[in-house]
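Take the sequence shown: its position 76, counting from 1, is numbered 59 in my numbering, and each next residue is one higher.
Even for Gly, the Cβ is constructed at its ideal location relative to N, Cα and C.
Predicted model, so just to flag it, every value in this text is computed and none were measured.
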Amino acid sequence: MKILVMNGSPTAESRTRGIAEYAANVLQEKGVEVTFFDAGKDRLPLYTGDTAEQENEAVQKLIQAADEAQGFFICTPEYHNGMSGALKNALDFLTGNQFKNKPVVITAAAGGGKGGINALNNLRTVMRGLYSLVIADQFVADPIHFNDERELTEELATLRVNSLIDQLVDLTKLVSSHAKN
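If you want it as structure tokens, here you go:
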């Protein structure tokens, strides 16, 4: 099983990245092959729809990872009541072909005294437009869920993310086995 974990934060070190790294580690412990896209490090050009953008190495890497993925674990910070522009830009390089009938978990990192629910509502709408199977359960991490190194460590938060990962793995197995029949 292949899962693409997407860190949608443009900040190289962020709590959003902490969620994504935690998820990637748990998935790998479960024997899942993980590809990691990091909007803070895998710099993409600004999407304009120009076909020449598809030749960019980072864009090609993202498209290949999405093509090969059987499911997705997507994390975003909340900026002005929506997902990050960096994540939206990355998703704009992809199409429904990469997401159609593939399970997706969505999570957000809250900050500045505001929740991440609006970012998740925004992300859920976009993922629905890409024909993905967004899992109904979702998670917003508050600053208290992280240690000083921005690692997700709070027990209830890790239990929630573990539950989301279990749902993702189970649904991905189900969808993948159905697709083969």
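Those residues which DSSP pairs with residue i across a bridge
i, result
"Met(-11)", "Phe20, Ile57"
"Thr90", "Cys58, Phe122"
"Phe129", "Leu135"
"Leu116", "Pro86"
"Gly65", "Tyr62"
Reference residue i; option with closest CA among the options
i, options, result
"Ala140", "Lys44, Gln11, Ala35, Arg(-2)", "Arg(-2)"
"Ala7", "Ala73, Phe56, Tyr62", "Phe56"
"Leu27", "Pro60, Glu40, Gly1", "Glu40"
"Glu61", "Phe82, Val123, Met110", "Val123"
"Ala162", "Met66, Glu4, Lys85, Ile46", "Lys85"
7 Å CB neighbourhood of residue i in its chain, flanking five on each side removed
i, result
"Glu16", "Met(-16), Lys(-15)"
"Ala217", "Not covered by the structure: residue 217. The range shown for the chain is -16 to 164."
"His128", "Leu135, Glu137, Ala140"
Close-in-space but distant-in-sequence residues of the same chain around residue i (CB under 8 Å, 5 per side omitted)
i, result
"Lys13", "Ile148, Val152"
Residues near residue i in its chain [Cβ-Cβ closer than 6 Å; skip 5 each side]
i, result
"Phe19", "Val(-12), Ala7"
"Asp75", "Tyr30"
Test item: CB-CB of residue i and residue j under 7 Å
i, j, result
"Ile2", "Ala102", "no"
"Thr136", "Asn130", "yes"
"Ser115", "Val88", "no"
"Leu77", "Gly(-9)", "no"
"Thr155", "Leu106", "no"
Test: residue i CB closer than 7 Å to a CB of chain D
i, result
"Val42", "Included in the structure is just one protein chain, with no chain D present."
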